[in-house]
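**Student:** This is the structure I have questions about; it appears just below.
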Amino acid sequence: MWDDIAPARSAWIITLADLGLLLVGFFVFLQANQTLDRDELVRALRGGFGVTEEQVAREAPMTVATARLDGFAPGSAVMPDPSAIVAWARDVARDSRTQIIITGSTAAPGAGRGADIDPATGSAAILAADRARTVAATLVHRGAIDPRRITIASAPGGRAAVTLSVGFAGDTR
């Protein structure tokens, strides 16, 4: 008895109607997004995943290359010959989406050298920051990079050097 009843609609017509509704929905979506602000969309997506603007601002750029300038005398921020590091920085700074992080450091205590501390204050952290600042000032003075794309950091207790890290900061619009 139940086997004799024919279906009221064919399966293909229902599938065609579903596809038609999906197509109409797609065109409505396109029309609604014609005036969409890219930055607003990014903020909304980040908010949906629980990422705050402060977290985005704190993220360090992805490091893509590093260089190191060695040869600082103990207790001194006087830079050795900077020509190679300036040429390197000029080359990597051609891409405006990059940022250079300059990290000054001092030799670890007991590394077989004299005390690698700032003579005026006795602080290794201040000497490390002075070394990084000296390299940054040289790069800016010689036109290797815009000062707005430089970040200075210090890491006392490693080696008497300055490390330059090029980070990809992305589109800075």
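Following our numbering, the numbering of the sequence shown begins with 836 at its first residue and continues without gaps.
Quick reminder that beta carbons are idealized off the backbone N, C-alpha and C, glycines included.
Three-state secondary structure (DSSP) at alanine 979?
**Tutor:** Coil.
**Student:** Using CA atoms only, rank isn't needed, just tell me which of Ala908, Asp951, Ile961 is closest to alanine 943.
**Tutor:** Selected option, being the one with the closest Cα: Asp951.
**Student:** Let me know the secondary structure DSSP gives arginine 932 once reduced to three states.
**Tutor:** Note: arginine 932 maps to coil in three-state DSSP.
**Student:** Around the Cβ of phenylalanine 861, are there at least 16 other Cβ atoms within 10 angstroms (buried) or fewer (exposed)?
**Tutor:** The residue is exposed, with fewer than 16 neighbouring Cβ atoms inside 10 Å.
**Student:** Does the distance between the C-beta of valine 997 and the nearest non-hydrogen atom of the ligand SAM fall short of 7 angstroms?
**Tutor:** The ligand SAM is absent from the structure shown, which contains no ligand whatsoever.
**Student:** Give the straight-line distance between the Cα atoms of leucine 858 and leucine 876, rounded to the nearest whole angstrom.
**Tutor:** Straight-line Cα distance between these residues: approximately 23 angstroms.
**Student:** Please report the Cβ distance between serine 940 and proline 991, rounded to the nearest whole angstrom; I am assuming they are in contact, meaning their Cβ atoms lie under 8 angstroms.
**Tutor:** Rounded, the Cβ-Cβ distance is 6 angstroms, consistent with contact.
**Student:** Taking only the alpha-carbon atoms, compute the straight-line gap between proline 954 and glycine 910 and give it to the nearest angstrom.
**Tutor:** Cα-Cα distance, rounded: 6 angstroms.
**Student:** Bridge partners for glycine 1002 per DSSP, in chain order?
**Tutor:** In DSSP, glycine 1002 forms a bridge with Thr898, Gln934.
**Student:** So what's aspartate 905 in DSSP terms, helix, strand or just coil?
**Tutor:** Here aspartate 905 sits in strand by DSSP.
**Student:** Keeping to the same chain, check which residues put their C-beta closer than 8 angstroms to that of serine 918; ignore five residues upstream and five downstream.
**Tutor:** Here the set comprises nothing.
**Student:** Hey, how far is the Cα of aspartate 874 from the Cα of glycine 978?
**Tutor:** Whole-angstrom Cα-Cα distance: 32 angstroms.
**Student:** Would you give the residue range spanned by the alpha helix (DSSP H) that isoleucine 920 belongs to?
**Tutor:** Per DSSP, isoleucine 920 belongs to the alpha helix (DSSP H) from 918-927.
**Student:** Which residues does DSSP list as the beta-bridge partners of glycine 939?
**Tutor:** According to DSSP, which records beta bridges pairwise, glycine 939 is partnered with Ser989, Val997.
**Student:** Are the CB atoms of isoleucine 985 and isoleucine 935 nearer to each other than 8 angstroms?
**Tutor:** Against a cut-off of 8 angstroms, the Cβ pair of isoleucine 935 and isoleucine 985 comes out as a contact.
**Student:** Would you report the Cα separation of arginine 881 and aspartate 872, rounded to the nearest angstrom?
**Tutor:** Computed Cα separation, rounded: 14 angstroms.
**Student:** I'd like to know whether the C-beta of glycine 882 is nearer than 8 angstroms to at least one C-beta of chain B.
**Tutor:** Here chain B cannot be found, since the structure has a single protein chain.
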